[in-house]
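**Q**
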Amino acid sequence: MPRLVGAMAALLTVFNEYAGKDGDEKTLTRAELIELLHNEFPVTGDSNKAEVDEFFSMLDGDKDGVVDFKEYVTFVTALTVLCN
Ligand SMILES: [Ca+2]
Ligand SMILES: [Ca+2]
Numbered sequence: 000m001p002r003l004v005g006a007m008a009a010l011l012t013v014f015n016e017y018a019g020k021d022g023d024e025k026t027l028t029r030a031e032l033i034e035l036l037h038n039e040f041p042v043t044g045d046s047n048k049a050e051v052d053e054f055f056s057m058l059d060g061d062k063d064g065v066v067d068f069k070e071y072v073t074f075v076t077a078l079t080v081l082c083n
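Heads up, the sequence shown is in numbering that gives the first Met the number 0, so the first residue is 0 and it goes up one at a time.
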């Protein structure tokens, strides 16, 4: 598989795997997001609750209390740019 296509597929797979835990696979709740970060971004594992709250509201661009795929992708893209 071309690497970029593989990266996109991985993005989707990770989102779907964590977003589906509460039965609503279209959005990440706070608990789902914490689990995703803990397993897939271990560097954030030591964040305290206030940091997680701040992080979550940063991701939740439209402030509806959940993170949808678009908000998640925006976040991952921003992180990728930061890492470059
Ligand atoms: Ca969900
Ligand atoms: Ca949202």
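Idealized CB from N, CA, C, for every residue including glycine.
Note that this is a predicted model, so its numbers are computed, not measured.
1) For Asp67 and Thr26, which I take to be in contact (beta-carbon distance under 8 Å), what is that distance rounded to the nearest angstrom?
2) Any chance the segment 53-60 sits against the segment 7-14, with 3 or more Cβ pairs inside 8 Å?
3) Just list the alpha helix (DSSP H) runs in the segment 15-59, keeping only unbroken ones of 4 residues or longer that don't cross its boundaries, in chain order.
4) The alpha helix (DSSP H) that contains Val80, what's its start and end?
5) Just how far apart, CA to CA, sit Lys20 and Val75?
6) So, is Ala18 buried or exposed, given that buried needs 16 or more other C-beta atoms within 10 angstroms?
7) Identify, in the order they occur along the chain, each residue of the same chain with its Cβ nearer than 6 Å to the Cβ of Tyr71, setting aside the five sequence neighbours on each side.
**A** Working from what's here:
1) On the sequence shown, position 68 is the one that residue 67 refers to. On the sequence shown, position 27 is the one that residue 26 refers to. Yes, Asp67 and Thr26 are in contact; Cβ-Cβ is about 5 Å, under 8 Å.
2) Contact check between the segment 53-60 and the segment 7-14: fewer than three CB pairs, one atom from each, fall below 8 Å, which does not count as touching.
3) Scanning the segment 15-59 for uninterrupted alpha helix (DSSP H) segments of 4 residues or longer gives 29-39 and 48-58, listed from N- to C-terminal end.
4) By one-based count along the sequence shown, residue 80 stands at place 81. First-last of the alpha helix (DSSP H) with Val80: Phe68 to Cys82.
5) Counting from 1 along the sequence shown, the entry for residue 20 is found at position 21. Counting from 1 along the sequence shown, the entry for residue 75 is found at position 76. So the alpha carbons of these two residues sit roughly 20 Å apart.
6) As a position in the sequence shown, residue 18 is number 19, starting the count at 1. Around the beta carbon of Ala18, a 10 Å sphere encloses 16 or more other beta carbons of the protein chains shown; the residue is thus reported as buried.
7) Position 72 of the sequence shown holds residue 71. Hits under 6 Å: Phe14.
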